[in-house]
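Asks:
Protein chains in written order, with the numbering used here: chain A, 1 to 314; chain B, 1001 to 1213.
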């Protein structure tokens, strides 16, 4: 047998995919935060919005650099893991193996596209950090391309029918997840600290404006996640009973259960915490509950890393 | 009474929740879920020629494995092992009429006895699936020479040719591609270097405030 004792289902490989998803959500979140949240804040909630746009954008670009670094490490680990799973440990690092994997498979083309898109995003974030508009355009192009790379190395591209639609919705699903959880991450680690660091205005009002700009963003991207997720479930499950009769379906149910906690936390933030915003203490409460939401989101990404390697039911 | 600027912010729950579109949206999603769809699983071996457990009176000229999904030729593998050890196969190929059929022409000498086929197929999603099965070539089967028939009664020769598909269809021409691995390593190191320089290698500059989007 060719069995190398390591496969796409192995926990270590799932951990590598999880790291990839974390990097993807990070870079997508940076662009969503800059282009949607900060844009809305600047144009709808003056003057609080205008005051933090430039420093928040610069800090977001720096965060984007970190996310690209995570993605780069995950990219190398994923190549090694895939080569190990196919060729075994003794041949995993052979140049012949790597070459065959990258140039002769759809997975390889997806990997190369991910590398190229990460480079474009990197260049974009470097320029954006220097306050270049072109930098954000580049980063956006790179991020959009990045969002479609998981579909090229997963179930979507192997779908026998509606393949193009499957890859398209998979990319939108990734964009939705990054736009929602990623921009929340940026609100927590960049937006709120910058708002609370203001020395020239009302910090509480600035945090309020930030959250008012974030809420419709999160709702939109969460809607994209749900609708594309339902389509993917239909495509891969086939029938409703497969949801509890197959390993794929049960993993999906687990993901939905944990995701419902994220939704619940988000709803709590929206309905309970957000209306109480106005001072720094409320901003602190929001930051804590949003961090909890992000923590559960990280678990959702881990379950997703397992789900994408689980065989759909026959 | 002091009026804060956040008093003007619409922080309250919206009075008119767009319920109808939401219900319509949820109903459509539920309807989609209820529609049956021919789902797919990871690839599996559907059939093979020679097949599992077959006893052949004619020596096969090739192995022909049909999978449930299209296979990626570059990383798929076939090994054939007989009574005398590994049997050489030509470079693997896909059936011109179907990307689900993997074909390995047999180049090595066949003798009567039990043969084991080890296979690995990788689908477009990159997930490898593997398996093995056996078939038997009868003594005196057509397609075997007299010398080969008699060889079955002799001790196995250890110096049987190695399968050329031991690591897929990698050809000798690709051995110079180690530059690719170095290139990848250099690019990744470059990314980490640029990120590191940007994050830690520069003095923090005063951030402009008040610039429009």
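In this text, a Cβ means the ideal position worked out from N, Cα and C, and glycines have one as well.
As the structure is a computational prediction, the values presented were derived from the model and not from experiment.
1) If the cut-off is 7 Å on Cβ atoms, which residues from the region 1120–1133 of chain B count as contacting chain A, listed in chain order?
2) So with CB distances below 8 Å, who are the chain A contacts of residue 1072/B?
3) If you drop the 5 nearest sequence neighbours on each side, which residues of the same chain put their C-beta closer than 8 Å to that of residue 204/A?
4) I need the boundaries of the alpha helix (DSSP H) containing residue 292/A, first residue and last residue.
5) Within the continuous beta strand (DSSP E) that includes residue 1067/B, where are the two ends?
6) If you scan the region 70–110 of chain A from start to end, which runs of the alpha helix (DSSP H) of 4 or more residues do you find wholly inside it?
7) Tell me which residues share the same chain as residue 1142/B and place their Cβ nearer than 8 Å to its Cβ, disregarding the 5 neighbours each side in the sequence.
8) Would you say residue 1075/B reaches chain A, if we count a Cβ-Cβ gap shorter than 7 Å as a contact?
9) Once the 5 residues before and after residue 19/A are set aside, which same chain residues still bring their CB inside 6 Å of it?
10) Helix, strand or coil for residue 1079/B? Go by DSSP, reduced to three states.
11) In or out: residue 117/A buried (at least 16 other Cβ within 10 Å) or exposed?
12) Measure from the C-beta of residue 176/A to each C-beta in chain B and report whether the shortest distance is under 7 Å.
13) Are the C-beta atoms of residue 154/A and some chain B residue less than 7 Å apart?
14) Compare the Cα-Cα distances from residue 155/A to each of 11/A, 39/A and 233/A and report the closest residue.
15) Taking 8 Å as the cut-off, does the region 30–41 of chain A touch the region 98–107 of chain A (at least 3 CB pairs, one atom from each stretch)?
16) Around the Cβ of residue 313/A, are there at least 16 other Cβ atoms within 10 angstroms (buried) or fewer (exposed)?
17) Using a C-beta cutoff of 7 Å, does residue 1191/B count as contacting chain A?
18) Check this for me: beta carbons of residue 256/A and residue 300/A, under 7 Å apart or not?
19) On a Cα-Cα basis, can you pick out the residue from 1062/B, 1191/B and 1111/B that is closest to residue 1105/B?
20) Per DSSP, which residues does residue 1095/B bridge with? Please list them.
21) Output, in chain order, the set of chain A residues within a Cβ distance shorter than 8 Å of residue 1069/B.
22) Mark residue 133/A as exposed unless 16 or more other C-beta atoms lie within 10 angstroms of its C-beta, in which case mark it buried.
23) CA-CA distance, residue 21/A and residue 1044/B?
24) Could you work out which residues of chain A lie near residue 1101/B, taking near to mean beta carbons separated by less than 7 Å?
25) In terms of residues, what are the limits of the beta strand (DSSP E) holding residue 274/A?
26) Does any residue of chain B bring its CB to less than 7 Å from the CB of residue 76/A?
27) Taking Cβ positions only, does residue 126/A come closer than 7 Å to chain B?
28) Scan the region 62–75 of chain A for residues whose Cβ lies nearer than 8 Å to a Cβ of chain B and list them as they occur along the chain.
29) Figure out for me which residue from 307/A, 306/A and 271/A has the closest Cα to the Cα of residue 290/A.
30) State whether the region 164–183 of chain A contacts the region 216–235 of chain A, with contact taken as three or more CB pairs (one from each stretch) at a distance under 8 Å.
31) What number of angstroms, rounded off, separates the C-alpha of residue 1068/B from the C-alpha of residue 1099/B?
32) How far does the beta strand (DSSP E) with residue 1106/B in it reach, from first residue to last?
33) Can you grab the Cα-Cα spacing for the pair residue 108/A / residue 153/A, in whole Å?
Replies: In short:
1) 1120, 1122, 1123, 1124, 1125, 1126, 1127, 1128, 1130 and 1132
2) 104, 105, 106 and 107
3) 277, 278, 279, 280, 282 and 283
4) 280–307
5) 1062–1067
6) 95–104
7) 1057, 1058 and 1059
8) yes
9) 74
10) strand
11) buried
12) no
13) yes
14) 233/A
15) no
16) buried
17) yes
18) no
19) 1062/B
20) 1098/B
21) 158 and 160
22) exposed
23) 28 Å
24) Ordered by position in chain A, no residue passes the 7 Å Cβ test against residue 1101/B, which lies about 15 Å from the chain.
25) Per DSSP, residue 274/A belongs to no beta strand (DSSP E) and is neither H nor E.
26) yes
27) yes
28) 62, 65, 66, 68, 69, 72, 73 and 75
29) 271/A
30) yes
31) 10 Å
32) That residue, residue 1106/B, is in no beta strand (DSSP E); it is neither H nor E in DSSP.
33) 8 Å
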